[in-house]
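Participant:
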Amino acid sequence: MCGIIGCTGAFPALDVLRGGLRALEYRGYDSAGIAFFNADSDILTVKASGKIKNLEDKLDTIPDSEKISFCGIGHTRWATHGEPTERNAHPHGNDRVQIVHNGIIENYRELSVMLSREGYSFKSETDTEVASLLIDFSYKKQGNDPLKALAKARSQLEGSYAIGAVFSDRAGEIYAMRRDNPLIIGLGESESFIASDITAILPYTRKYIRLGENEIARLSGKNVTVFDEYGNACEKQTETALWDVDSAKKGGYPHFMIKEIYEEPDALAKTLAPRISSDLLPNFEGENIDVKRLASSKRIIITACGTAMHAGFIAKYFIEKYARIPVNVEIASEMRYSDMIIDENDAVIVISQSGETADTLAALRLAKNKGAFVTSVVNVVGSTIARESDAVIYTWAGPEIAVASTKAYVVQSALMSLLALAMSLEKKILTESEVKALTGKLLHDLPSDIKYILDMRDEIYSAAQYFADKKDLFCVGRGIDYFAAVEASLKIKEVSYIHSEAYAAGEMKHGTISLIENGTPVIVVSTDKNVRQKIVGNIRELASRGAYIISLSTPDREISDVSDKMLSLPSESGEFLPIAVATLLQMIAYRAAVLKGCDVDCPRNLAKSVTVE
Ligand code: M6R
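FYI, the numbering for the sequence shown is 0 to 612, going by numbering that gives the first Met the number 0.
(1) If the criterion is Cβ atoms closer than 9 angstroms, does the pair residue 419 and residue 320 meet it?
(2) Only counting runs of 3 or more residues, tell me where the beta strand (DSSP E) segments fall wholly within the segment 304–353, in order along the chain.
(3) Look at residue 384 and residue 351 and say whether their C-beta atoms are less than 9 angstroms apart.
(4) Does the segment 403–412 come into contact with the segment 572–587, if we say contact requires no fewer than three beta-carbon pairs (one atom in each stretch) closer than 8 angstroms?
(5) From the DSSP output, read off the bridge partner residues of residue 171.
(6) Using 8 angstroms as the threshold, is the segment 214–224 in touch with the segment 173–189, meaning 3 or more CB pairs across them?
(7) Can you tell which of 381, 89, 29 and 593 has the C-alpha that lies nearest to the C-alpha of residue 239?
(8) I need the straight-line Cα distance from residue 613 to residue 201, nearest angstrom please.
(9) At a cut-off of 8 angstroms, is residue 1 close to the ligand M6R when judged by its beta-carbon and the heavy atoms of the ligand?
(10) Would you kindly check if the distance between the Cβ of residue 171 and the Cβ of residue 126 is under 9 angstroms?
(11) Can the beta-carbon of residue 135 be found less than 9 angstroms from the beta-carbon of residue 119?
(12) Check each candidate in 37, 162 and 111 and name the one with the smallest Cα separation from residue 98.
(13) Please list the terminal residues of the continuous beta strand (DSSP E) segment that includes residue 149.
(14) Nearer than 8 angstroms: is that true of the beta carbon of residue 490 relative to any heavy atom of the ligand M6R?
(15) Hey, would you say residue 347 sits closer than 9 angstroms to residue 374, going by beta carbons?
(16) Tell me whether the segment 506–524 and the segment 479–491 touch, counting them as touching only if at least three CB pairs, one residue from each stretch, are closer than 8 angstroms.
(17) Between which two residues does the beta strand (DSSP E) carrying residue 7 extend?
(18) Taking a contact to mean a Cβ-Cβ separation below 9 angstroms, would you say residue 341 touches residue 288 in this structure?
(19) By Cβ distance, which residues of its chain are closer than 6 angstroms to residue 471, with the 5 residues on each side in sequence left out?
(20) Please give the ranges of any alpha helix (DSSP H) in the segment 39–86, keeping only runs that are unbroken, at least 4 residues long and fully inside the region.
(21) From residue 502 to residue 473, what distance separates their C-alpha atoms?
(22) Counting Cβ pairs closer than 8 angstroms, one from the segment 529–549 and one from the segment 560–570, do we hit at least three?
(23) Buried or exposed: where does residue 534 fall if 16 or more other Cβ atoms within 10 Å of its Cβ makes it buried?
(24) Identify the continuous beta strand (DSSP E) that holds residue 376 and give its terminal residues.
(25) When every heavy atom of the ligand M6R is checked, does at least one fall within less than 8 angstroms of the C-beta of residue 307?
(26) Residues in the same chain with beta-carbon distance under 7 angstroms from residue 311, minus the five sequence neighbours each way, listed in chain order, please.
(27) Let me know the secondary structure DSSP gives residue 130 once reduced to three states.
(28) With hydrogens ignored, establish whether the beta-carbon of residue 583 is closer than 8 angstroms to any heavy atom of the ligand M6R.
(29) Give the single residue among 398, 412, 317 and 83 whose Cα lies nearest to the Cα of residue 245.
(30) Starting from residue 183, trace the alpha helix (DSSP H) in both directions and tell me its first and last residue.
(31) In whole angstroms, what is the alpha-carbon distance linking residue 26 and residue 229?
(32) Pick from 80, 354, 165 and 252: whose alpha carbon is nearest that of residue 174?
(33) Starting from residue 218, follow the alpha helix (DSSP H) in both directions and report where the run begins and ends.
(34) For residue 243 and residue 250, what's the separation of their Cα atoms in angstroms?
(35) Name the two residues that bound the continuous beta strand (DSSP E) containing residue 533.
(36) So if DSSP puts residue 591 in a beta bridge, which residue, or which two residues, is it bridged to?
What follows is the structure, encoded as structure tokens:
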């Protein structure tokens, strides 16, 4: 999704803006732009469609003397209103005001009619330009007072926004305001910053404050003042980011996606170890969650989007198995507009890497409004979902930069499995010694199986090579393996652009098997020994119709015999092997994308953090 960066103070603004935009690339974008005060205190605006390189090429044509600047704002745009052209790129505005904006202004049509009546005309198709001209209109009416202008505009704007603004007669100052869209303010020694997320400003500072709902901020050098919705200056709590600069860099890997896959064993250790006692019992004491309350729920509703929702499927499997609590997994974008039967007796668990996904946040708010107790599982500390939940458990995966979620999924799945064991203990379903054995598998054997898988380079290459030039493929499994197949299918589509469908293997013959032709690739996940014989039957049905079977299974002569290719899985992690299988499937998806020359870290049309509906 769009990204915002801004700086004022001691550092050369263009260096900070370029670096910040590069750091925000991972969020997904299709055009970029900056506006900055030059040495004469005039605002210069430069924009380009496509990659940041195009913007840099344009900047290179400007004489150096024109680029001396210590204050500016920048933006990466992920198109919502209007095509990804230079005309629609941010910043937007006129000779008095320029703004960058994340989010969607829902009443932009009505506002544009009003502004047209006041003599304004529009150069772009964007809702952002309407917001910028509304701010300009208020600015003129409010005696050129930026704070009053923004407050007036705030009362008229509907929708979600994080806005950074510069005013031509306020050189060196940046203004910011937000509603339902995150924005942080970085605090430096002699400078300050605005940013969509901490990764954009990590080279300069780890200290930041979060701009609250409907607050407005004024930044000038190191001086930052935040005003509440009544216009009063307010105290803000300074936070310190735990992530370091290197964690947001590729560190020698060709892509963030592969770097993050290799980080999985470490991310698992960081997430699980603090929650497991020395005698291998789950231990959530001292954390802001209520295991007793979760364990006593009649029903648990898990809601999330995309890969995070798929981690919810893994959670469902283990909570139902170990804690015997029925679990519904709901697509957040559906749940938010549903008339779902949900009340204070329900426990709701929200899963999100970013903690900012708009649909997930809306589902959370719906659940809270209906009286449910909401626990969130979040990777980004202090994110909106974390703050709005009744309880939160953090995954400690570190920054996930690649659009494709990999390490976040693995740690979410493992953490939810541990929580299932804690609930089981609470309900006295599994004995302590049974739980200890399983916890040991999660803590020690799962990371070791993942490390084994990370070394299966040749097998991964050969599997990916088979289907990299195909148009369609299927991923199938049964039970928990079906859930693993669903996530594999998303990962393959997302990064390699190969159409892929996930199916419960036994369901193929009820319609979809008609799509199987000679050579159609079918990835079969088979870890669940209870349905092993069934999956062998399913493979035979598919193979006899020409499917090219790539099986993922622990060593198994029969499965190997009925498959065209079998990737032999380790087995130490036992029941948790499907989580390790995700690593293998992520590697296969990655390799196929690389073979096809896809933009692995920023797949087309996608954004990392989906902060609009
Ligand atoms: O930040 P979140 O976990 O809430 O994001 C949810 C989905 O947008 C995300 O998992 C998405 O499906 C991934 N890009 C898939 O790899």
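Just so you know, even glycine gets a beta-carbon here, dropped at the ideal spot from N, CA and C.
Facilitator: Per the coordinate set shown:
(1) Against a cut-off of 9 angstroms, the Cβ pair of residue 320 and residue 419 comes out as a contact.
(2) Unbroken beta strand (DSSP E) runs of no fewer than 3 residues, entirely contained in the segment 304–353, are found at 326–330 and 345–351, following chain order.
(3) Their beta carbons are under 9 angstroms apart, which means residue 384 touches residue 351 by this criterion.
(4) The answer is yes - the segment 572–587 touches the segment 403–412, with three or more Cβ pairs under 8 angstroms.
(5) In DSSP, residue 171 forms no bridge with anything.
(6) At 8 angstroms Cβ cutoff, the stretches touch.
(7) Answer by Cα proximity: 381.
(8) Residue coverage of the chain in this structure runs from 0 to 612, which leaves residue 613 outside it and unanswerable.
(9) It does not: the Cβ of residue 1 is nowhere closer than 8 angstroms to a heavy atom of the ligand M6R.
(10) Taking 9 angstroms as the cut-off, the Cβ atoms of residue 126 and residue 171 do not count as close.
(11) Yes, the pair counts as a contact, with Cβ atoms nearer than the cut-off.
(12) Distances from the CA of residue 98 to each of 37, 162 and 111 were compared; the closest alpha carbon is that of 162.
(13) No beta strand (DSSP E) holds residue 149; the alpha helix (DSSP H) holding it covers 145–155.
(14) Yes, the Cβ of residue 490 comes within 8 angstroms of a heavy atom of the ligand M6R.
(15) The criterion of a C-beta distance shorter than 9 angstroms is satisfied by residue 347 and residue 374.
(16) Yes, they touch.
(17) That run of the beta strand (DSSP E) goes 2–7.
(18) The Cβ-Cβ distance between residue 341 and residue 288 does not fall below 9 angstroms.
(19) Only 498 meet the Cβ criterion.
(20) Correct list: 51–59.
(21) Rounded to the nearest angstrom, the two C-alpha atoms are 7 angstroms apart.
(22) Yes, since at least three Cβ pairs between the segment 529–549 and the segment 560–570 fall closer than 8 angstroms, the two stretches touch.
(23) Flag for residue 534 reads buried.
(24) It spans 372–377 - the beta strand (DSSP E) in which residue 376 sits, taken as one unbroken run.
(25) Remark: the shortest separation between the CB of residue 307 and any heavy atom of the ligand M6R falls under 8 angstroms.
(26) So the qualifying residues of the chain are 301, 303, 328 and 350.
(27) Reduced to three states, the DSSP call for residue 130 is helix.
(28) The answer is no for residue 583.
(29) Ranking the options by Cα distance to residue 245, first place goes to 398.
(30) Per DSSP, residue 183 belongs to no alpha helix (DSSP H); it is in the beta strand (DSSP E), 183–186.
(31) Rounded to whole angstroms, residue 26 and residue 229 show a C-alpha spacing of 33 angstroms.
(32) Per the Cα distances, 165.
(33) Counting along the chain, residue 218 falls outside any alpha helix (DSSP H), though it belongs to the beta strand (DSSP E) covering 215–219.
(34) Put simply, the backbone Cα of residue 243 is about 12 angstroms away from that of residue 250.
(35) Per DSSP, residue 533 belongs to no beta strand (DSSP E); it is in the alpha helix (DSSP H), 531–542.
(36) Under DSSP, residue 591 forms no beta bridge with any residue.
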